[in-house]
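**Q** For the sequence shown, counting from 1, position 134 maps to 134 in the numbering used here; every step adds exactly one. Virtual Cβ for every residue (Gly too), placed ideally from N, Cα, C.
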Amino acid sequence: MHYHGPIVRPQTDADSLFIELTVGCTHNSCTFCNFYHGYDFKIAPLSQVEEDLKEAAAVYPFARKIWASGGNPYCLPTEHLVKCGQLFSKYYPDVPVTTYARVDDLLRKSVEEMVQIRESGIHKLVVGIESGDDEVLAAVKKGYTAADILEGCGKLEKAGVPYRVIYLSGLAGHGKAHESAERTLKILNQLHPYMMILTTVALLPGTELYKDWREGRFEELTERERLDEFKVLMEGLQNPIEVFSATSTNSEPFWVRLPEERASIVDDLEGSIAAMTEEKEKLWAARRHRMTTV
Ligand code: SF4
């Protein structure tokens, strides 16, 4: 198998077969992210993809899902992605294949191209929107706007491509998260991702956000604020969705389906906010400050 960089995938996909499609990220500029520092963007040759699939199919024919690895493989030309999809279908005809896309990758593809890619064998996407608040998106240098999220994800919906979104709480900074989550709801309630991966930011050494924090330009949320930001989202998400938040940075792991479990998760979050002590605040801040990656 060929792996030339870190394999970054959501926790929900940790039990996948990993097949490298790209190394690194074409953007590599988000202020909170250090995943691909030191790695230039590279495309895995089709011959490598086929070799890895052939090897995997021989030793691990029972894979139940495949993660097409790379920071944002959906940036690749449609023709190339279709060839990769055909290889997945050849070696693992019944196995769902998922990969990462940036919002600007979605903007560059037509709905017809998205259909072609899905039909070839790359079935689902994970889109790290992080926020739907323009102020936050600009501050963390995401490279797109809330309107772009609506347009890009709207195209996926027209193409019938199932997708998850990642929301990264805490990016608005101390005192601003509640309103920022409300602004995000205005965007998300116009869309229909089947899942939200809900996580919270850790300040990772080597990132611009870490430097901003150390030099006093960014103030972290308290633990209570992080939980309140989650609560705003759990109360306000209107379309049916699963929310997965069992991530390494989060003090309140849960996996719920909305709207069915709304009352119970809101109740749990309210309980955790009420029970939050200064000692727990310090404990969680210290845990996140020890992290070098997530
Ligand atoms: S968060 Fe995603 S898009 Fe931003 S630099 Fe990291 S891998 Fe690239």
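Quick check on DSSP: helix, strand or coil for arginine 108?
**A** Residue state, collapsed to three classes: coil.
**Q** When the Cα of phenylalanine 241 is compared with those of Pro253, Leu198, Arg108, which residue comes out closest?
**A** In the sequence as presented, phenylalanine is not what sits at residue 241; that position holds isoleucine. Among Pro253, Leu198, Arg108, the Cα nearest to that of isoleucine 241 belongs to Leu198.
**Q** Are asparagine 72 and aspartate 40 close, meaning C-beta to C-beta below 7 Å?
**A** No, they are not a contact pair.
**Q** Pick out whichever of Glu219, Leu150, Phe244, Phe230 has its Cα sitting closest to the Cα of tyrosine 194.
**A** It is Phe244.
**Q** For ligand 2, is there any heavy atom lying closer than 6 Å to the beta carbon of phenylalanine 35?
**A** No copy of ligand 2 appears in this structure; the ligands present are ligand 1.
**Q** For leucine 233, name the three-state secondary structure that DSSP assigns.
**A** Helix at leucine 233.
**Q** Going by DSSP, what residue range makes up the alpha helix (DSSP H) through leucine 171?
**A** Counting along the chain, leucine 171 falls outside any alpha helix (DSSP H), and DSSP gives it neither H nor E.
**Q** Would you please state the rounded distance, in angstroms, between the beta carbons of glutamate 281 and glutamate 219? I believe it to be under 8 Å.
**A** About 14 Å; that fails the 8 Å criterion.
**Q** Please report the distance separating the alpha-carbon of histidine 192 from that of threonine 31.
**A** Approximately 27 Å between the Cα atoms of the pair.
**Q** For alanine 68, list the residues DSSP reports as bridge partners.
**A** DSSP lists Ile19, Thr99 as partners of alanine 68.
**Q** Do the CB positions of glycine 206 and asparagine 34 come within less than 7 Å of each other?
**A** Yes, they are a contact pair.
**Q** Go to lysine 124, then tell me how far its beta strand (DSSP E) extends in each direction, as first and last residue.
**A** 124-130 is the extent of the beta strand (DSSP E) around lysine 124.
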